[in-house]
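Here is the structure:
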């Protein structure tokens, strides 16, 4: 019934409020003393709670970085776990301030939902997971297969396009939650489980025998994942956008969680500008001078967050690949802090 | 008998004033008209305000999206559907999937419910205890739990298609559902269907004749052998004359799944099983209450006329009990229909799952889609109660005769 209550909130908010709040998000968060962040219902590496209820992951780190920049405290966050179906309604209704939930950036989502993507936290693509015992080596051998997929995702539409484009038949079984989808795949209801490749690796860890399953080589779509905010508050849009850019710029400049305090004392002009020794860039955003220092000190730069959550330092062990910095062979490129 | 009741002054204004409330004078009428006007104005304001606010936030609104391409597929569609069809068609696919669960579920729930009720009232100790146990067990477990039980514990324990249970090599049961041969029309199909129709009409004529003989002359004619002969014999005859009415397309395992034949998907089976057994437990209690509300003298009267227990129940007790049973039975039918939206838990593509779920999150038009969905459920429920009311009205009329 969460869905109905969300829709009711949206309807009441839209129907009764005389004027929709604009440019008030930051102030509302400061008054509340807490950032409300929409995350997944549990996707290892991106957003999942541990046994003590602490949320970790790449998507979670974006929210932690925003909270660090505002409050100098990455724990002042209320995490709202959302299914793929409910996420946009929760953002529209104002229940969350930012949606950081492995959401693919597409034109229709950017234009029709009343929300904007602020950047790309992870460049992903859609793939297929199958049991090794089926001896399938390519997605093109999947004619007549049953495919498990989560509803309300771009995955579902890419799947239809791919099978139609390759003249193959298939049966789709769509579930509302990620866990149900994986369980149905594991129980044998489907031959194939499809979603973004990063999620395939993450979900495979949850299976009883991860070694019995393999990810097929085909990547059938572009899935740039990123955070979203509501239309109508450009200041808030800038804050969320530049939080990610700050993490990327910090990595590029070699500023890490460990050395950030020393770097802040440096005389190099670009470091002084970025870390608040010079100018008032942070204040122009509506934050403080040392906003980048706060982010890096509490959360780390982009590379550190990547390694810790999905990269070499995590169980997922995903290579940087496309998500490496532009000067290291990837396509992660942030505009300069200047 | 000389005193005649005084007629109240039957003036239009008086009645109107009474209908609009107890307040005397025109003030009462004026207040109420004003109140209604204020309500209408408030409703209009809310809708207009919502529209302008959605536009200000640049959230798309309106019903134009219904013509857009859906771009996703559905596992069970009773009308042809592919990813390139519109959201409007998604809506109809979902609606039909909901209706088919509701109709099939209501059918089985009624049969099981009546059977359990009669079992519970039976003088046989074992039977009445088993029926009682069924009711107590099933009605005290949440329906969502039962759906998950059938889906996850029972149906997903079936083997995969390559090791499926074969039923004489014609039908196969696996964790992908039940595959049965599909009938495809042949040259003799028309003649075959006509023969069946003729046989059924003839059977009704026969029944009418037999009843007339029974009521007017007291002559009892046993008609069922003739009816059986007609219903099976006539179509068989046409098969000999006009050729095969249809050929069977037998399912074959090809690749991952069976191709050919028709298939009942496990999501549908689990949902129908769970909803019909669950609702049947309530129906059983309603039917039992109805039967017990009929005075026991009716039962005794029946047996003193020499009718058997079954005959007394069928001809005397149940028709009287129906008046008590009908209103709560309608409620149960409505409950079953609404509970079918639990389908979303097991991935059955009902209206809530594909339209208020997938279509909603792809278009983001929450207010429109939820309104349409609520309207549809309201309409289904109103139609169901209307049908039950008509049945109740006919029942009342036949009682008064």
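Chains as they are written, first to last, in the numbering used here: chain U, 7 to 344; chain D, 222 to 622.
Ideal Cβ positions, reconstructed from N, Cα and C, are used throughout, including at glycine.
Can you name the residues of chain U whose CB is closer than 9 Å to the CB of residue i?
i                     : result
residue 383 (chain D) : Going along chain U, no residue has its Cβ under 9 Å from residue 383 (chain D), so there is no contact; the nearest lies around 10 Å.
residue 345 (chain D) : What residue 345 (chain D) touches in chain U: nothing, since even the nearest Cβ is about 40 Å away.
DSSP on residue i, reduced to helix/strand/coil?
i                     : result
residue 304 (chain U) : helix
residue 502 (chain D) : helix
residue 343 (chain U) : coil
residue 61 (chain U)  : strand
residue 40 (chain U)  : coil
residue 104 (chain U) : strand
residue 392 (chain D) : strand
residue 239 (chain U) : coil
residue 284 (chain D) : coil
residue 477 (chain D) : coil
residue 137 (chain U) : strand
residue 429 (chain D) : helix
residue 201 (chain U) : strand
residue 181 (chain U) : strand
residue 290 (chain U) : helix
residue 156 (chain U) : strand
residue 27 (chain U)  : Any reading at residue 27 (chain U) is ruled out, since the residue's pLDDT is 47, under 50, leaving its predicted position unreliable.
residue 89 (chain U)  : coil
residue 361 (chain D) : coil
residue 641 (chain D) : This structure cannot settle anything about residue 641 (chain D), because the visible part of chain D is limited to 222 through 622.
residue 324 (chain U) : coil
Output, in chain order, the set of chain D residues within a Cβ distance shorter than 7 Å of residue i.
i                     : result
residue 179 (chain U) : 296 and 568
residue 94 (chain U)  : 582 and 585
residue 5 (chain U)   : Beyond the ends of chain U as shown, which are 7 and 344, falls residue 5 (chain U); an answer cannot be given.
residue 149 (chain U) : 476
residue 158 (chain U) : 578, 579, 582 and 583
residue 138 (chain U) : Those within 7 Å of residue 138 (chain U) in chain D number zero; the least Cβ separation is about 15 Å.
residue 34 (chain U)  : Residues of chain D passing the Cβ test: none, with the nearest at roughly 16 Å.
residue 170 (chain U) : 304
Cβ of residue i within 8 Å of Cβ of residue j?
i                     : j                     : result
residue 396 (chain D) : residue 379 (chain D) : yes
residue 421 (chain D) : residue 431 (chain D) : no
residue 253 (chain U) : residue 343 (chain U) : no
residue 44 (chain U)  : residue 102 (chain U) : yes
residue 95 (chain U)  : residue 587 (chain D) : yes
residue 469 (chain D) : residue 402 (chain D) : yes
residue 311 (chain D) : residue 489 (chain D) : no
residue 398 (chain D) : residue 486 (chain D) : yes
residue 303 (chain D) : residue 289 (chain D) : no
residue 136 (chain U) : residue 237 (chain U) : no
residue 296 (chain U) : residue 282 (chain U) : yes
residue 333 (chain D) : residue 498 (chain D) : yes
Report buried or exposed for residue i, applying the criterion of at least 16 other Cβ atoms within 10 angstroms of its Cβ.
i                     : result
residue 222 (chain D) : Its pLDDT being 48, under 50, residue 222 (chain D) is placed unreliably in this model, and the value from its coordinates should be taken loosely. Label assigned to residue 222 (chain D): exposed.
residue 203 (chain U) : buried
residue 509 (chain D) : buried
residue 186 (chain U) : buried
residue 3 (chain U)   : Residue 3 (chain U) falls outside the range modelled here, since chain U spans only 7 to 344, and no answer is possible.
residue 516 (chain D) : exposed
residue 475 (chain D) : exposed
residue 258 (chain D) : exposed
residue 383 (chain D) : exposed
residue 144 (chain U) : exposed
residue 404 (chain D) : exposed
residue 411 (chain D) : exposed
residue 615 (chain D) : exposed
Taking residue i as the query, report the chain D residues whose CB atoms sit under 9 Å from its CB, ordered along the chain.
i                     : result
residue 163 (chain U) : 291, 292, 293, 304 and 583
residue 184 (chain U) : Those within 9 Å of residue 184 (chain U) in chain D number zero; the least Cβ separation is about 13 Å.
residue 90 (chain U)  : 582
Give me the chain D residues within the contact set of residue i, using Cβ-Cβ distance strictly less than 8 Å, ordered along the chain.
i                     : result
residue 236 (chain U) : 278
residue 193 (chain U) : 373, 377 and 396
residue 98 (chain U)  : 278, 280, 585 and 587
Examine the ligand HEM and report whether any of its heavy atoms sits within less than 7 Å of the Cβ of residue i.
i                    : result
residue 66 (chain U) : For the structure depicted, the ligand HEM is absent and the ligand set is empty, with no information on it obtainable.
Please compile the residues from chain U whose C-beta is within a distance smaller than 7 Å of the C-beta of residue i.
i                     : result
residue 310 (chain D) : Within 7 Å Cβ-Cβ: nothing; residue 310 (chain D) doesn't reach chain U, min ~14 Å.
residue 281 (chain D) : 118
residue 480 (chain D) : 150
Using the beta-carbon of each residue, which ones in chain U are nearer than 8 Å to residue i?
i                     : result
residue 565 (chain D) : 182
residue 387 (chain D) : Correct list: empty, because the minimum Cβ distance to chain U is about 18 Å.
>> So, does the segment 119-131 of chain U touch the segment 223-233 of chain U, judging by three or more C-beta pairs under 8 Å?
In response: yes
> Three or more beta-carbon pairs under 8 Å between the segment 152-159 of chain U and the segment 171-178 of chain U, yes or no?
Replying inline: yes
>> Tell me whether the segment 383-391 of chain D and the segment 588-605 of chain D touch, counting them as touching only if at least three CB pairs, one residue from each stretch, are closer than 8 Å.
In response: no
> Just checking, does the segment 455-474 of chain D make contact with the segment 341-352 of chain D on the three C-beta pairs under 8 Å criterion?
Replying inline: Here the segment 455-474 of chain D does not lie against the segment 341-352 of chain D, with fewer than 3 beta-carbon pairs under 8 Å apart.
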